[in-house]
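Visitor:
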Amino acid sequence: MNMVTPTAPHVYLEDIAKYDGQDILLKGWLYNKRSSGKIRFVMLRDGTGLIQCVGSINDIGEEGFAAVDSLSQESSLMVVGTVKAEPRAPGGFELILKQVIPVHVAMGEFPISPKEHGTAFLMDNRHLWLRSKRQVAIMRIRHAIVKAIRDFFDGRGFTLFDPPIFTNAACEGTSTLFETDYFGETAYLSQSGQLYGECGAMALGKIYTFGPTFRAEKSKTRRHLTEFWMIEPEVAYMDMWGAAELAEDMCCFIVQRVLETRMEELKVIERDPAILEKIQKPFPRISYDDAIKVLKNAGHDIEWGGDIGGDEETTISNLNDRPTILYHFPADLKAFYMKRDAGNPKLALGFDVLAPEGKGEVIGGGQREDDYDVLVSRIKEHGLNVEDFEWFLDLRKYGSVPHAGYGLGLERTVAWLCGLPHVRETIPFPRMISRLKP
RNA sequence: UCCGGAGUAGCUCAGCGGUAGAGCGGGUGGCUGUUAACCACUAGGUCGGGGGUUCGAAUCCCUCCUCCGGAGCCA
0 MNMVTPTAPH VYLEDIAKYD GQDILLKGWL YNKRSSGKIR FVMLRDGTGL IQCVGSINDI
60 GEEGFAAVDS LSQESSLMVV GTVKAEPRAP GGFELILKQV IPVHVAMGEF PISPKEHGTA
120 FLMDNRHLWL RSKRQVAIMR IRHAIVKAIR DFFDGRGFTL FDPPIFTNAA CEGTSTLFET
180 DYFGETAYLS QSGQLYGECG AMALGKIYTF GPTFRAEKSK TRRHLTEFWM IEPEVAYMDM
240 WGAAELAEDM CCFIVQRVLE TRMEELKVIE RDPAILEKIQ KPFPRISYDD AIKVLKNAGH
300 DIEWGGDIGG DEETTISNLN DRPTILYHFP ADLKAFYMKR DAGNPKLALG FDVLAPEGKG
360 EVIGGGQRED DYDVLVSRIK EHGLNVEDFE WFLDLRKYGS VPHAGYGLGL ERTVAWLCGL
420 PHVRETIPFP RMISRLKP
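Mapped onto numbering that gives the first Met the number 0, the consecutive letters of the first sequence carry residue numbers 0 to 437.
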């Protein structure tokens with residue numbers, strides 16, 4: 000590989016506008032090329048942008064032409080040239096080549112050509128698919144969302160609190176856990192950091208977790224991954240409505256940040272920013288009771304007590320052009336740790352945030368049961384082992400307080416904001432029931 | 001796990017009882033402004049695996065595998 004470094008300054012394409020008229024060095028990969036007898040066009044990408052480099056025989060000579068001709072799609076190269084504003088160019092600039100330095104000639108043809116491909120093929124080549132313009136844009140938006148979430152909580156005095164990934168017991172259901180051998184005993188991969196987050200809230204007042212989560216659900220839908228990232232704030236002395244408002248503020252903060260910093264990327268993936276600009280407080284709130292009425296009127300076959308499935312979620316989330324907060328579910332549908340409504344014990348103090356455009360649930364949360372005796376009986380009712388939760392019950396023995404929190408699915412949020420129909424493009428290497436490679 | 005759909009060239013697909021096809025990508029040649037460039041030529045196949053029906057199967061039947069979409073479950 001040729002690593003001779005020319006003297007012109009190395010510039011990333013995202014900064015190209017500052018160098019109009021100057022000689023610069025670009026380091027990247029060949030995206031595409033076109034040629035004519037006495038001129039060469041090289042499309043170069045460097046991870047931050049794409050630019051057309053123009054090589055004329057007078058500028059780079061036979062040697063330069065030979066260098067260009069030796070390079071195939073996704074070969075790596077460095078080029079030196081003069082930045083020139085060019086209204087016809089998609090990015091507004093071209094590079095007039097002076098020197099072409101091949102770094103590595105791709106060994107054979109790159110599997111992903113500029114033409115159409117099926118998703119199965121693209122997923123098999125996910126490690127290379129990530130180089131495409133669209134995937135790069137999605138990853139950058141994902142990063143902006145991650146950064147926004149951290150900034151949101153950090154700005155409100157929350158402490159990042161990392162829960163363990165190896166755990167000894169279930170906190171949702173037992174059928175969806177991945178088992179691993181842990182020095183002879185069974186350990187499960189965490190399917191939620193919430194129980195640990197509650198410990199953090201009692202120690203630090205307000206915390207958020209941010210980490211991977213594992214669910215062995217045999218789900219084959221556009222909304223499920225077996226490994227996904229979840230953010231779970233937990234706050235002492237907060238009730239359900241406080242948590243719902245926190246979720247609402249957070250959503251608005253994230254959307255605003257994406258609009259401020261990732262407009263170019265939204266353009267690349269053809270996401271209409273006007274849809275995101277409508278994501279403003281307040282989000283409409285609808286109780287489970289009222290939702291059932293609405294669903295019945297809309298023709299759904301559902302009775303009180305029934306679970307709100309994918310189709311029903313779609314109907315409700317399509318009622319508004321901003322997220323909908325659905326609350327007061329039947330307690331029987333919810334996890335053992337969820338507190339019940341004092342006025343109606345059949346209802347749980349839980350809420351979901353349903354993203355608009357039929358994107359469905361992106362947040363689930365609520366107020367936690369804080370009474371020792373009630374929580375013990377709930378654990379038993381759910382067929383769980385009380386000994387496994389002794390440490391969790393201790394939170395209700397030593398200075399128990401009302402507290403609440405929620406979980407935000409990162410990939411579903413990325414899919415929503417990017418307008419993607421499927422979560423598989425929202426994470427670099429999605430893990431699904433039929434996908435462990437690459 | 002259940003219900004649908006699909007596996008044919010590197011990719012996207014057509015062919016649906018009678019000699020294996022196209023576009024794109026690759027290779028070679030041509031062209032001084034192309035931009036999913038264009039033009040000409042060219043290479044490229046165990047038609048997902050196995051079994052069966054038939055003079056003859058990519059095509060019809062059985063079976064298995066893989067993938068896709070949906071349901072359940074959930075973020």
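Cβ atoms here follow ideal geometry from the backbone N, Cα and C, with glycine treated the same way. Keep in mind it's a predicted model, so treat the numbers as computed, not measured.
#1: Please work out which residues of its chain come closer than 7 Å, Cβ to Cβ, to T323, disregarding the five sequence neighbours upstream and downstream, and give them in chain order.
#2: Compare the Cα-Cα distances from V361 to each of R321, S376, F40 and S75 and report the closest residue.
#3: Using a Cβ-Cβ cutoff of less than 6 Å, which residues in the same chain neighbour M249 once the five nearest sequence positions on both sides are dropped?
#4: For E302, collect the residues of the same chain with a Cβ closer than 8 Å to its Cβ; drop the 5 residues on either side in sequence, then sort them by chain order.
#5: What number of angstroms, rounded off, separates the C-alpha of R39 from the C-alpha of R423?
#6: Which class does P211 belong to by DSSP, given the choice of helix, strand or coil?
#7: State the start and end residues of the unbroken beta strand (DSSP E) segment that holds Q72.
#8: For the ligand NAP, any of its heavy atoms closer than 7 Å to the Cβ of G54?
#9: Alpha carbon to alpha carbon, how far is T81 from G27? Give it in angstroms, no decimals.
#10: With C-beta atoms as the reference, is S374 less than 8 Å away from E380?
#11: Within its chain, find whatever has a CB closer than 8 Å to the CB of P427; leave out the 5 residues flanking it on each side and keep chain order.
#12: State the start and end residues of the unbroken alpha helix (DSSP H) segment that holds Q134.
#13: Helix, strand or coil for W415 per DSSP?
#14: How many Å lie between I148 and S112 at the Cα?
#15: Would you call the segment 219-228 in contact with the segment 387-402, where contact means no fewer than 3 C-beta pairs closer than 8 Å?
#16: Is the beta carbon of Y11 closer than 8 Å to that of D45?
#17: So for Q255, helix, strand or coil by DSSP?
#18: Tell me which residue opens and which closes the alpha helix (DSSP H) that G199 is part of.
#19: Quick one: is Q51 buried, meaning 16 or more other Cβ sit within 10 Å of its Cβ, or exposed?
#20: Check W303 in the structure and name its three-state DSSP category.
#21: Can you give me the Cβ contacts of Q366 inside the same chain, cut-off strictly under 6 Å, excluding the 5 residues immediately before and after it?
#22: To test your reading of the DSSP string, which unbroken alpha helix (DSSP H) runs of 4 or more residues are found completely within the segment 215-294?
#23: I230 to F160, Cα distance in whole Å?
#24: Identify whether F160 lies in helix, strand or coil by the three-state DSSP scheme.
#25: Using CA coordinates, which residue listed in A186, E216 and Y397 is at the minimum distance from E197?
#26: Where does M106 land, buried or exposed, given buried means 16+ other C-beta within 10 angstroms?
#27: So, at 8 Å on beta carbons, what are the nonlocal neighbours of G48 in its own chain, with the 5 sequence-adjacent residues on each side left out?
#28: With a cut-off of 8 Å, do at least 3 Cβ pairs link the segment 256-263 to the segment 303-310?
#29: Do T439 and I144 have their C-beta atoms closer together than 8 Å?
#30: Starting from L49, follow the alpha helix (DSSP H) in both directions and report where the run begins and ends.
#31: Do T175 and A186 have their beta-carbon atoms positioned less than 8 Å apart in this structure?
#32: Please confirm whether G63 and Q98 have their CB atoms less than 8 Å apart.
#33: What residue range is occupied by the uninterrupted alpha helix (DSSP H) comprising R395?
#34: If we require 4 or more residues per run, which alpha helix (DSSP H) segments fall completely within the segment 354-385?
#35: Between the beta-carbon of E73 and the beta-carbon of L121, is there less than 8 Å?
#36: Might you give, ordered along the chain, the residues of its own chain that have their beta carbon closer than 8 Å to the beta carbon of K280, omitting 5 neighbours on each side?
Guide: Taking the structure as given:
#1: Apart from the 5 residues on each side of it in sequence, T323 sits with its Cβ closer than 7 Å to the Cβ of F282, P283, I285, I315, S316 and L353 in its chain, given in chain order.
#2: When each option's Cα is compared against that of V361, the closest is R321.
#3: Excluding sequence neighbours, M249 sits near F151.
#4: So the list reads I291, once near-sequence residues are dropped.
#5: So the alpha carbons of these two residues sit roughly 37 Å apart.
#6: Three-state result, P211: strand.
#7: Per DSSP, Q72 belongs to no beta strand (DSSP E) and is neither H nor E.
#8: Ligands displayed in this structure: none; no statement on the ligand NAP is therefore possible.
#9: For G27 and T81, the distance between alpha carbons rounds to 16 Å.
#10: The amino acid at residue 374 is misidentified as Ser; the sequence shows Leu. By the CB criterion at 8 Å, L374 and E380 fall outside the cutoff.
#11: R125, L129 and M138, listed in sequence order.
#12: Q134 -> alpha helix (DSSP H) spans K132 to G154.
#13: The answer is helix: DSSP assigns W415 an H, G or I state.
#14: Rounded to the nearest angstrom, the two C-alpha atoms are 36 Å apart.
#15: The segment 219-228, when compared against the segment 387-402, does not touch it at the 8 Å Cβ threshold.
#16: With respect to the 8 Å criterion, D45 and Y11 are classified as neighbours on the basis of their beta carbons.
#17: The answer is helix: DSSP assigns Q255 an H, G or I state.
#18: Taken as a continuous stretch (DSSP letters only), the alpha helix (DSSP H) holding G199 covers Q193 to L203.
#19: That one is buried.
#20: DSSP places W303 in coil when its eight states are reduced to three.
#21: Around Q366: D238, M239, K338, L348 and A403.
#22: Correct list: 239-260, 262-267 and 272-276.
#23: One C-alpha to the other measures close to 10 Å.
#24: When DSSP states are grouped into helix, strand and coil, F160 belongs to the coil group.
#25: The candidate whose alpha carbon is nearest that of E197 is Y397.
#26: Counting the other Cβ atoms within 10 Å of the Cβ of M106 gives fewer than 16, which makes it exposed.
#27: Non-local beta-carbon contacts of G48 in its own chain, meaning distances under 8 Å to residues more than five positions away in sequence, involve Y11, L12, E13, I15 and G90 in chain order.
#28: Cβ pair count under 8 Å is below three, so no.
#29: A query on residue 439 cannot be resolved here, the shown segment of the chain reaching from 0 to 437 and no further.
#30: Note, L49: premise wrong, no alpha helix (DSSP H); beta strand (DSSP E) at L49 to S55.
#31: Contact flag unset, no.
#32: Their beta carbons are under 8 Å apart, which means G63 touches Q98 by this criterion.
#33: Run containing R395: E389 to K396, per the alpha helix (DSSP H) assignment.
#34: The segment 354-385 contains these whole alpha helix (DSSP H) runs: 371-380.
#35: Cβ distance not < 8 Å, so E73 and L121 don't count as in contact.
#36: Closer than 8 Å at Cβ, skipping near neighbours: E247, D248 and C251.
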